[in-house]
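Chains as they are written, first to last, in my numbering: chain A, 1 to 14; chain B, 1001 to 1252. Where is the CB? At the ideal position from N, CA and C, for every residue including glycine. Bear in mind that the values here come from a model prediction, so they are computed numbers and not experimental data.
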Amino acid sequence: KSKQGNLMSFFTKK
Amino acid sequence: MLEARLGETQLLKKIVDALKEIISLSTLDCSETGMQLQSMDNSHVSLVSLSLQTGCFEKYRCDRNVSLGLDLKSLSKVVKSASGDDSVTLSAADKADKLLLSFESDNKSRTADYELKLLNLDQDHLGIPDTNYACTVQMPSSEFARICRDMSMFSETVVISCTKQGIKFSANGDLGSANIKLAETSKGDITIDVEEPITQSFAGRYLNTFTRATPLSDRVKICLAPEVPLLVEYSIEDYGYIRYYLAPKVDD
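#1: Which of the three DSSP states, helix, strand or coil, is assigned to Y1114 (chain B)?
#2: Given that P1229 (chain B) touches chain A, what residues does it touch there, using C-beta distances under 9 Å?
#3: Can you give the Cα-Cα distance for R1149 (chain B) and E1156 (chain B), rounded to whole angstroms?
#4: Among B:D1130, B:G1069 and B:L1090, which residue has its Cα nearest to the Cα of L1118 (chain B)?
#5: With burial defined as no fewer than 16 other Cβ atoms inside 10 Å of the residue's Cβ, what is the status of E1233 (chain B): buried or exposed?
#6: Quick one: give me the first and last residue of the alpha helix (DSSP H) that E1143 (chain B) is part of.
#7: Note the first and the last residue of the continuous beta strand (DSSP E) segment covering R1005 (chain B).
#8: Among the residues of its own chain, which have a CB less than 8 Å from the CB of A1004 (chain B), if the five just before and after it don't count?
#9: Take T1199 (chain B) and list the residues in its own chain whose beta-carbon comes closer than 6 Å to its own, dropping the five residues that flank it on each side.
#10: Are the C-beta of P1226 (chain B) and some C-beta of chain A separated by less than 8 Å?
#11: In the structure shown, what three-state DSSP assignment does L1037 (chain B) receive?
#12: Mind listing the chain A neighbours of S1201 (chain B)? Cutoff is C-beta to C-beta under 7 Å, in chain order.
#13: Chain A partners of K1249 (chain B), CB-CB under 9 Å?
#14: Starting from Y1245 (chain B), find everything on chain A with Cβ-Cβ shorter than 7 Å and list it in chain order.
#15: DSSP has S1217 (chain B) in a bridge; who is on the other side?
#16: Short of 8 Å in beta carbon distance, which residues of its chain neighbour T1175 (chain B), apart from the five on each side in sequence? Order them along the chain.
#17: Confirm, please, whether the CB-CB distance from I1015 (chain B) to D1041 (chain B) is below 8 Å.
#18: Over what stretch of residues does the beta strand (DSSP E) that includes T1027 (chain B) continue unbroken?
#19: Helix or strand or just coil, what does DSSP make of K3 (chain A)?
#20: To the nearest angstrom, how far is the alpha carbon of K1077 (chain B) from that of L1116 (chain B)?
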């Protein structure tokens, strides 16, 4: 089973 | 002030079409080097990044940086009212609360001016780290659009596997399964660069939405790396691009 990843865990807030 | 003239409204129409299915509100940042826009969709699964360097424009002037908060649905309504071969000039004052769009027909016999109210958007800008992608695939954009459409009939999840032998798209659902493989071609319309093989799963719905950018470019570049969002890039007339990032599905 897989779940959708979230971009906030890959990219950082500037 | 900002004054930017595109020779053909067609280009602006294609750009708005490529953005508006993913994001509804976004800030267009204008500086002397060109225009940039970056926004995530509401669920923070995908991000779209647009860059238009001054070379995209017939005329470009931006004395001071200006940020234009746009409602893309409204912008879409305005560009729809113009003919594709009209020229369009975007202008805004330094601290603008509206964007001016002036369309002029080929023979200059018809002009149409619109004022679009700007929004005060408080958007986060994300830092996208430079990534050394494990696999980079280039193919005709129409081929990618076709594959994404065909895959979505079978499952909401599309598995992309890339090896030196080629790139494979797979979908497995109630109907059955679909597998489409593309190998590198000698005439160069499909190129596949692989440093290490990779397999990742993605939401097909988003991939399909990215293909709204197909009219912008004959080619599309797809970049994959482990534990990193997928990058799908369409170039815009040598001087710009639209990039889509999509977070992979992860094991639960």
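On the basis of the coordinates in this document:
#1: Within the second sequence, numbered from 1, the residue matching residue 1114 (chain B) stands at position 114. Of the three classes helix, strand and coil, the one that applies to Y1114 (chain B) here is strand, per DSSP.
#2: Taking the second sequence and counting its residues from 1, one reaches residue 1229 (chain B) at position 229. Chain A residues near P1229 (chain B): G5, L7, F10 and F11.
#3: Position 149 of the second sequence holds residue 1149 (chain B). Position 156 of the second sequence holds residue 1156 (chain B). In a straight line, the C-alpha of R1149 (chain B) is about 11 Å away from that of E1156 (chain B).
#4: One-based indexing of the second sequence puts residue 1118 (chain B) at position 118. Per the Cα distances, B:G1069.
#5: Mapped onto the second sequence, residue 1233 (chain B) falls at position 233. With 16 or more Cβ atoms within 10 Å of its Cβ, E1233 (chain B) is classed as buried.
#6: The sequence position of residue 1143 (chain B) within the second sequence is 143, counting from 1. Where E1143 (chain B) is concerned, the enclosing alpha helix (DSSP H) stretches over S1141 to S1152.
#7: Residue mapping note: residue 1005 (chain B) aligns to position 5 of the second sequence, counting from 1. Looking at the DSSP string, the run of the beta strand (DSSP E) that includes R1005 (chain B) is L1002 to L1006.
#8: By 1-based counting over the second sequence, the position of residue 1004 (chain B) is 4. Excluding positions up to five away in sequence, the list reads C1030, M1035, F1057, K1059, Y1060, R1061, C1062, T1089, L1090 and S1091.
#9: Counting from 1 along the second sequence, the entry for residue 1199 (chain B) is found at position 199. Excluding sequence neighbours, T1199 (chain B) sits near S1161.
#10: Working through the second sequence from its first residue, we reach residue 1226 (chain B) at position 226. Not an interface residue.
#11: The count along the second sequence starts at 1 and reaches residue 1037 (chain B) at position 37. Note: L1037 (chain B) maps to strand in three-state DSSP.
#12: Locating residue 1201 (chain B) in the second sequence gives position 201, where the first residue counts as 1. Neighbours of S1201 (chain B) on chain A, chain order: S2.
#13: As a first step, residue 1249 (chain B) must be located in the second sequence, where it is residue number 249. Near K1249 (chain B) (Cβ distances below 9 Å), the residues of chain A are S2, K3, Q4 and G5.
#14: Translated into the one-based positions of the second sequence, residue 1245 (chain B) becomes position 245. Within chain A, the residues near Y1245 (chain B) are L7.
#15: Here the question's residue 1217 (chain B) lines up with position 217 in the second sequence. The partner list for S1217 (chain B) (beta bridge, DSSP) is empty, contrary to what the question assumes.
#16: Numbered from its first residue, the second sequence carries residue 1175 (chain B) at position 175. Residue 1175 (chain B) is actually Leu in this sequence, not Thr. M1153 and F1154.
#17: For this step, residue 1041 (chain B) is matched to residue 41 along the second sequence. For this step, residue 1015 (chain B) is matched to residue 15 along the second sequence. No, they are not a contact pair.
#18: If you number the second sequence from 1, residue 1027 (chain B) lands on position 27. T1027 (chain B) -> beta strand (DSSP E) spans L1025 to S1031.
#19: Position 3 of the first sequence holds residue 3 (chain A). Of the three classes helix, strand and coil, the one that applies to K3 (chain A) here is strand, per DSSP.
#20: Within the second sequence, the letter at position 77 stands for residue 1077 (chain B). Within the second sequence, the letter at position 116 stands for residue 1116 (chain B). Their backbone Cα atoms lie some 10 Å apart in a straight line.
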